[in-house]
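Protein chains in written order, with the working numbering: chain H, 47 to 352; chain S, 498 to 769.
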């Protein structure tokens, strides 16, 4: 009886002691990093490797067999895959510059000191960035309806014929670009605005003392000072567009005639409509490679200029 | 001369505002109109009296209450746990020297740059083998450790002076206590920004929930919306109400906390 009590007592003491010392400055970092690291290993690192292996396999039900580069060589002969690549890049090349141009224009307009109601404008322009892409796409799907949509109705006042926005290959792409631009212009504008506010005012003062006009100041000071912000927005928008999915999925479901099929949409269809896991993994790895190359080129361009 | 220029700038800016928030207004009005009136030309600009009817039919076709709850529950749990995990990891990276730190950090930076699409197929296989399809954890767990949030927390934790940590240690505070009572309170703005960022990305996410949730009662709002347009006869009143329900909570949240919100959505990439 006595002894058991003693044992209980000592373990209790021990517990108090160990509890106090369980985390030391030496082992604490492992404890703090533990959960995040474990999750990343299981849910990111393992899938990234597994997907690489899958891209060399053919999956039939639960049977997996190695097929070498067959999935990749099939990609190179797949017209829909080419189309999805081409579409993604066409949208990228048209949408990103247009959007960033508007973002910059609005930011410069708002930044000019004489303006009242800046906060109101800033909030209003940022609003689209809080909506789910799915919700935004649905609203535009209705606005862009060929016969009863508000957009065509408004265009009719300009004497324009109704545009078949979602049902013709060219205009379907334009529609996707429209939604993306609506959703992201304000987002990037706020980034530019913050960049503009960080330019030291004395740079402008010095320039105007040297007799430089407003336009000259814009090109000699504003643009060069904004360069890091500019690169940030270009890189982020590019990576985002390469992964484009929600808008074409909702607006057009990749159609008409695969005109708005994007890489991620094709990956989704291959994987989760046709359950062709090996082939879908090959598509995913092509996306990884493209993203890496594009990011590398953009980084390189930055590095060379500086 | 100057005033006419001013008027020009203002009218351009206001035109932009109409383009930006017009669709919101039109969506709100649409949620109170019957399907046919949404396509009425010229457009109806004032709310109708069909809101309750739309809600009723939306509830009949999808069980919108449960779906709203799914979205909210997932986003809240995800935001809370993910913020905590990334604050912990960020703290370790910013304030400790330990073996393997460089390797760990390198792995995190790598995962930051890899498009998440590459994990979809193996994650789906994993969910199937765990029997996790149509469960909350299927959505919450895979992205719970956000490399972006970890990176941001690390940047912010770096700014915390070492001296306050040392002082607490001298006072005899344990490492846990230091983290919860010293570190977390001083990094509150960063925590707010990170949690808004995480909440928004979860609330709005479509692709992964679309893959893992295929039974109606487990849908999240974006998945439910995408299922509505897949129907043979689309009811546009329902659709407008659905988009409204997915937008309104965020909109209120945004208007209340806009400064935090903007820096949160920008992922803390912008300092104001």
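Virtual Cβ for every residue (Gly too), placed ideally from N, Cα, C.
Close CB contacts of residue 323(H) within its chain, under the 7 Å cut and outside five residues either way in sequence, are with 100, 105, 317 (chain order). CA-CA distance, residue 701(S) to residue 177(H), rounds to 7 Å. Annotation for residue 713(S): no alpha helix (DSSP H) segment contains it, and DSSP assigns it neither H nor E. Around residue 195(H), the same chain offers 188, 189, 211 as residues with beta carbons nearer than 8 Å, after the five sequence neighbours per side are excluded. Runs of the beta strand (DSSP E) lying entirely within the region 541-602 of chain S and spanning at least 3 residues: none are present.
When beta bridges are read from the DSSP output, residue 106(H) appears opposite 109(H). Neighbours of residue 246(H) in chain S, taken as residues whose beta carbon is under 7 Å from its own, are absent, since the nearest beta carbon is some 15 Å off. Along the region 143-209 of chain H, the alpha helix (DSSP H) occurs as fully enclosed runs of 4 or more residues at 164-172, 179-189, 196-203, listed in sequence order.
Counting C-beta atoms within 10 angstroms of its own C-beta, residue 160(H) has fewer than 16 neighbours from the protein chains shown and is therefore classed as exposed.
Taking 9 Å as the cut-off, the beta carbon of residue 589(S) is found no closer than this to the beta carbon of residue 153(H).
Of the candidates 570(S), 617(S), 746(S), 692(S), the residue whose Cα lies closest to the Cα of residue 633(S) is 570(S). Of the candidates 77(H), 243(H), 306(H), the residue whose Cα lies closest to the Cα of residue 586(S) is 77(H).
Going by DSSP, residue 289(H) is part of no alpha helix (DSSP H) at all; its letter is neither H nor E. Shown here, residue 300(H) sits in coil according to DSSP, grouped into three states, outside any helix or strand. Residue state for residue 649(S) is assigned as helix, using DSSP reduced to three classes. Boundaries of the alpha helix (DSSP H) around residue 215(H): 215-243.
In chain order, 675, 679 place their CB closer than 6 Å to the CB of residue 665(S), counting only its own chain and leaving out the 5 sequence neighbours on each side. Distance from the Cα of residue 659(S) is smallest, within the candidate group 683(S), 517(S), 532(S), for 683(S). Each residue's CA atom was taken as its position, placing residue 244(H) and residue 751(S) some 24 Å apart. For residue 228(H), the nearest beta carbon of chain S is closer than 9 Å to its own beta carbon. The beta carbons of residue 640(S) and residue 91(H) sit no closer together than 9 Å. Residue 509(S) counts as exposed, since fewer than 16 other C-beta atoms from the protein chains shown sit within 10 angstroms of its C-beta. Between residue 736(S) and residue 722(S), the C-beta spacing is below 9 Å. Collapsing the DSSP output to three states places residue 657(S) in coil.
Of all residues in the region 171-185 of chain H, those with a C-beta nearer than 8 Å to a C-beta of chain S are 171, 172, 173, 174, 175, 176, 177, 178, 179, 180, 181, 182, 184, 185, reading in chain order. Interface flag for residue 634(S) against chain H is unset, since no Cβ pair is found closer than 9 Å. For residue 117(H), the uninterrupted alpha helix (DSSP H) segment begins and ends at 116-122. Using a CB distance cut-off of 9 Å, residue 128(H) does not count as an interface residue toward chain S. Identification of residues in the region 533-555 of chain S having a C-beta nearer than 9 Å to some C-beta of chain H yields 535, 536, 537, 538, 539, 540, given in sequence order.
The C-beta of residue 665(S) comes no closer than 9 Å to any C-beta of chain H. Under a criterion of Cβ atoms nearer than 7 Å, the residues of chain S adjacent to residue 289(H) are, in order, 612, 614.
The contact set of residue 735(S) on chain H, defined by CB atoms closer than 8 Å, is empty, because the minimum CB distance reaches about 11 Å. Using a Cβ distance threshold of 9 Å, residue 687(S) and residue 653(S) count as a contacting pair. Taking the Cβ atoms as the reference, residue 219(H) lies roughly 7 Å from residue 136(H), within the contact range of under 8 Å. Residues of the region 577-591 of chain S with a C-beta atom less than 7 Å from some C-beta of chain H are 582, 583, 585, 586, 588, 589, listed in chain order. Judged by beta-carbon spacing, residue 297(H) lies within the 9 Å limit of residue 183(H), meaning their Cβ atoms are closer than that value.
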